[in-house]
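Trainee:
Number of protein chains: 2
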Amino acid sequence: MNTHISADRSAAEILHPLDRASRLTPTADGRLRGVTDDAYWNMASPWGGLTAATLMRAMMEHPGRIGEPVSLTLNFCAPVARGEFFVVVRPVRTNRSTQHWYAELTQPDIGVAATATAVFAARRETWSHRPATPPDVPPPESLASMPTGGSSAWLNLYNFRFATGEMRRDGKPGEKPASPLSHVWLNPIPARPLDFLALTALSDIFFIRILQVRGYMVPMGTVSMTTYFHATGEELSALGIEPVLGVADAKIFDRNFADQQADIWSRGGRLLATCYQISWFKE
Amino acid sequence: MNTHISADRSAAEILHPLDRASRLTPTADGRLRGVTDDAYWNMASPWGGLTAATLMRAMMEHPGRIGEPVSLTLNFCAPVARGEFFVVVRPVRTNRSTQHWYAELTQPDIGVAATATAVFAARRETWSHRPATPPDVPPPESLASMPTGGSSAWLNLYNFRFATGEMRRDGKPGEKPASPLSHVWLNPIPARPLDFLALTALSDIFFIRILQVRGYMVPMGTVSMTTYFHATGEELSALGIEPVLGVADAKIFDRNFADQQADIWSRGGRLLATCYQISWFKE
């Protein structure tokens with residue numbers, strides 16, 4: 001018995017924070033149970049990237065799953081509260097080579113805090129064409145890491161090396177808005193090989209563009225995000241722990257809502273994911 | 001009785017095809033019933049833009065609805081077959097000023113053919129900023145309408161005036177791919193004032209980019225699309241029947257899936273919606 005506990009402990013100790021915080025355990029009534037992890041705490045709830053990765057994990061680990069993720073849409077309905085939560089996930093439809101999913105994350109005192117839909121597919125080699133080309137930015141080694149101390153906990157779990165559009169807090173109301181465009185090299189701390197869980201989390205890593213544009217905090221939060229995956233699990237795995245390049249931009253900030261477009265590139269110049277968001281703000 | 005029938009008939013006669021084809025009738029068991037409309041027939045099923053508009057309508061007409069659409073994600077799970085279909089729609093969560101939706105479209109012999117999630121919100125005046133600027137293209141009056149005769153039925157319900165990247169059918173396998181970028185002025189035939197239904201449909205109006213890039217038909221279909229709405233119903237209504245400008249592009253075509261980014265602009269240069277898709281193809 002002691003041996004067993006000790007083995008569990010060392011397994012938990014070697015789990016990467018992303019794997020630890022997204023863990024789900026089946027319940028007797030067919031749901032999955034998870035517990036929020038303070039390491040991923042954001043302003044008023046866990047970081048949305050972790051919530052997205054958790055729902056992705058519920059799909060990835062479902063025994064009926066076929067293929068790999070092609071698209072994922074997360075709707076953030078309410079802040080997830082500290083403590084336990086439950087995930088209900090179901091394949092809505094399974095075709096020969098594609099599968100459609102719906103998932104809900106609920107909490108006893110909150111109700112539905114997030115919903116997700118996804119498309120998975122068994123992808124095959126086809127004609128291929130990549131009209132989008134990677135941006136030309138300095139290598140990550142030449143760039144300084146953003147200091148993350150004293151900020152939201154989850155920021156300490158990533159190394160952010162901005163080439164352009166670094167997060168800034170020096171803006172004031174009435175000033176000319178800065179460009180919403182950012183180029184940033186990203187890698188998790190501690191290191192962890194890239195996979196769909198990590199890529200899903202990365203698609204919410206870009207600071208909400210209004211912070212970049214205005215340069216100071218306003219009440220804000222992502223309400224819906226969609227990620228399209230352009231790599232296979234095998235390709236992600238082959239990239240190992242090398243940093244990826246994120247490019248985030250925005251087109252409009254208007255009447256409580258702002259958008260975001262983001263691309264995630266491998267260091268070798270492969271487009272891994274395209275990510276879109278609409279976020280709420282108040283000012 | 002005859003008078004009643006005659007009144008019904010004239011009501012049906014004056015309905016715009018979009019309003020007629022997206023009509024939903026409550027059933028005794030709390031679902032909504034609709035019937036496919038041949039006027040919107042695409043290659044193997046109704047045009048996805050109509051399916052999206054139909055699910056949007058189910059949300060817009062729900063008695064518990066608050067606010068207006070901010071985002072909509074449609075997942076096309078299976079081709080909708082000719083005949084009747086049923087929509088189940090529910091507000092998953094209603095906050096003070098935002099509301100989250102889930103909807104499914106099912107058919108007796110097909111099962112789930114489409115799912116949708118959406119975020120609605122009561123939007124208020126805030127600080128506003130529009131970094132994206134409208135492209136400079138010739139006015140619609142100076143451009144020829146694309147001939148639509150002999151193609152899929154639904155194409156006859158729109159006037160397409162391409163400034164760049166017109167739909168082409170002159171490509172051959174092995175040729176250099178064309179640019180995926182298109183600029184096209186769009187208006188429905190017959191004319192119909194713009195609203196969220198029309199804008200939802202318009203977000204699926206761009207020919208799947210692989211057709212543009214390769215210049216010939218391959219097996220293909222949209223599997224997931226997300227639209228972000230950047231205008232209020234009042235603003236859309238004020239635009240009346242004037243054409244809107246669509247700009248569609250793509251970044252990647254790889255292993256059965258290709259993406260699309262599209263912006264919809266008012267003639268006066270306002271960004272009305274941003275639309276994203278992932279589509280399946282085989283070649």
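Chains as they are written, first to last, in the numbering used here: chain V, 1 to 283; chain C, 1 to 283. Virtual Cβ for every residue (Gly too), placed ideally from N, Cα, C. This one's a predicted model, so the numbers in the text were calculated from it and none came from an experiment.
In whole angstroms, what is the alpha-carbon distance linking Gln107 of chain V and Ala113 of chain V?
Mentor: Approximately 7 Å, taken between the alpha carbons.
Trainee: Can you tell me which residues form a DSSP beta bridge with Phe160 of chain C?
Mentor: BP columns for Phe160 of chain C point to C:Leu186.
Trainee: Looking at the strands, I want to know which residues DSSP matches up with Phe207 of chain V.
Mentor: Note: Phe207 of chain V sits in no beta bridge, so no partner.
Trainee: Could you check the C-alpha separation between Trp280 of chain C and Leu24 of chain V for me, to the nearest Å?
Mentor: Trp280 of chain C and Leu24 of chain V: Cα-Cα distance of roughly 31 Å.
Trainee: What is the C-beta distance between Leu194 of chain C and His230 of chain C, in whole angstroms, given that I count them as a contact (C-beta under 8 Å)?
Mentor: About 13 Å; that fails the 8 Å criterion.
Trainee: If distances are taken between C-alpha atoms only, which option among V:Val88, V:Pro147 and V:Gly64 comes closest to Asp29 of chain V?
Mentor: Looking at the Cα atoms, V:Val88 is the closest of the given residues.
Trainee: Using a Cβ-Cβ cut-off of less than 7 Å, give me the residues of the region 106-134 of chain C that come near chain V, in sequence order.
Mentor: The residues in question are Gly111, Val112, Thr115, Thr117, Val119, Ala121, Arg123, Arg124, Glu125, Thr126, Trp127, Ser128, His129, Arg130, Pro131 and Ala132.
Trainee: Beta carbon of Thr222 of chain C, beta carbon of Ile208 of chain C: below 8 Å?
Mentor: Yes, these two residues count as a Cβ contact at 8 Å.
Trainee: For Arg161 of chain C, which residues in the same chain have their Cβ closer than 6 Å to its Cβ, ignoring the five residues on either side in sequence?
Mentor: Within the same chain, Arg161 of chain C has close Cβ partners Pro140, Leu143, Ser145 and Trp185.
Trainee: Which residues bound the alpha helix (DSSP H) around Ala118 of chain C?
Mentor: Ala118 of chain C -> not in any alpha helix (DSSP H); beta strand (DSSP E) instead, spanning Gly111 to Ala121.
Trainee: Would you mind giving the Cβ-Cβ distance between Leu245 of chain C and Val80 of chain C, rounded to the nearest angstrom? I have them listed as a contact below 8 Å.
Mentor: At roughly 29 Å, the Cβ-Cβ gap does not stay under 8 Å, so Leu245 of chain C and Val80 of chain C are not in contact.
Trainee: Whose Cβ in chain V lies nearer than 9 Å to the Cβ of Phe281 of chain C?
Mentor: In chain order: Thr126 and Trp127.
Trainee: Give a yes or no on contact between the region 44-51 of chain C and the region 65-72 of chain V, applying the rule of three or more CB pairs nearer than 8 Å.
Mentor: No contact exists between the region 44-51 of chain C and the region 65-72 of chain V.
Trainee: Please compile the residues from chain V whose C-beta is within a distance smaller than 7 Å of the C-beta of Lys251 of chain C.
Mentor: Those within 7 Å of Lys251 of chain C in chain V are Pro131, Ala132, Leu271 and Thr274.
Trainee: Go ahead and pull the three-state DSSP assignment for Tyr40 of chain C.
Mentor: Of the three classes helix, strand and coil, the one that applies to Tyr40 of chain C here is helix, per DSSP.
Trainee: Tell me the residue span of the beta strand (DSSP E) that contains Ala248 of chain C.
Mentor: Where Ala248 of chain C is concerned, the enclosing beta strand (DSSP E) stretches over Val244 to Asp249.
Trainee: Hey, how far is the Cα of Arg20 of chain C from the Cα of Ala103 of chain V?
Mentor: When rounded, the distance between both Cα atoms is 33 Å.
Trainee: Quick one: Cα of Ala53 of chain V to Cα of Cys275 of chain V, how far?
Mentor: Cα to Cα, Ala53 of chain V sits roughly 14 Å from Cys275 of chain V.
Trainee: Would you identify the three-state DSSP class for Arg168 of chain V, choosing helix, strand or coil?
Mentor: In this structure, Arg168 of chain V counts as coil in the three-state DSSP scheme.
Trainee: Identify whether Ser279 of chain V lies in helix, strand or coil by the three-state DSSP scheme.
Mentor: In this structure, Ser279 of chain V counts as strand in the three-state DSSP scheme.
Trainee: Quick one, are the C-beta atoms of Ser22 of chain C and Gly67 of chain C less than 8 Å apart?
Mentor: No, they are not a contact pair.
Trainee: Tell me which same chain residues have a C-beta within less than 8 Å of the C-beta of Arg31 of chain V, skipping the five on either side of it?
Mentor: Phe86, Val87 and Val88, listed in sequence order.
Trainee: Given a limit of 7 Å on CB to CB distance, which residues of the region 230-258 of chain V reach chain C?
Mentor: Going along the region 230-258 of chain V in chain order, one finds His230, Ala250, Lys251, Ile252, Phe253, Asp254, Arg255, Asn256 and Phe257 with a Cβ nearer than 7 Å to chain C.
Trainee: Within its chain, find whatever has a CB closer than 7 Å to the CB of Met1 of chain V; leave out the 5 residues flanking it on each side and keep chain order.
Mentor: At Met1 of chain V, the pLDDT of 38 sits below 50, so the modelled position is not reliable; the number obtained from the coordinates is stated separately. Answer for Met1 of chain V: no residue qualifies.
Trainee: Assuming His129 of chain C and Cys77 of chain V make a contact with CB atoms under 8 Å, what is their CB distance in whole Å?
Mentor: Actually they do not touch by this definition, with Cβ atoms about 26 Å apart.
Trainee: To the nearest angstrom, report how far apart Met56 of chain V and Pro63 of chain C are at their CA atoms.
Mentor: Roughly 32 Å between the two C-alpha positions.
Trainee: Find the nearest neighbour of Arg93 of chain C within the set V:Thr94, V:Thr115 and V:Glu84, judged by alpha-carbon distance.
Mentor: Answer by Cα proximity: V:Thr115.
Trainee: Buried or exposed, going by whether 16 or more other CB atoms sit within 10 Å of the CB of Asp170 of chain C?
Mentor: So Asp170 of chain C counts as exposed.
Trainee: Is the Cβ of Tyr102 of chain V closer than 8 Å to any Cβ of chain C?
Mentor: So yes, Tyr102 of chain V belongs to the interface.
Trainee: Can you name the residues of chain V whose CB is closer than 9 Å to the CB of Ile14 of chain C?
Mentor: Residues of chain V passing the Cβ test: none, with the nearest at roughly 33 Å.
Trainee: In chain order, what residues of the same chain lie with their CB nearer than 7 Å to the CB of Ala201 of chain C, ignoring the 5 residues before and after it?
Mentor: Excluding positions up to five away in sequence, the list reads Leu18, Gly49, Leu50, Ala52 and Ala53.
Trainee: Can you give me, in chain order, the residues of the region 25-59 of chain V that have a beta carbon less than 9 Å from any beta carbon in chain C?
Mentor: Taking 9 Å as the Cβ-Cβ cut-off against chain C, none of the residues of the region 25-59 of chain V qualify.
Trainee: Could you pull the DSSP bridge partners for Glu175 of chain C from this structure?
Mentor: Note: Glu175 of chain C sits in no beta bridge, so no partner.
Trainee: Along the region 153-176 of chain V, where does the CB come closer than 9 Å to a CB of chain C? Name the residues.
Mentor: The region 153-176 of chain V vs chain C, Cβ under 9 Å: Pro173.
Trainee: Quick check on the DSSP output: the beta strand (DSSP E) that includes Thr54 of chain C runs from which residue to which?
Mentor: No beta strand (DSSP E) contains Thr54 of chain C, which is instead part of the alpha helix (DSSP H) from Gly48 to Met60.
Trainee: By a C-beta neighbour count over all protein chains shown, 10 Å radius and 16 as the cutoff for buried, is Asn95 of chain C buried or exposed?
Mentor: Counting Cβ neighbours within 10 Å, Asn95 of chain C comes out exposed, since fewer than 16 surround it.
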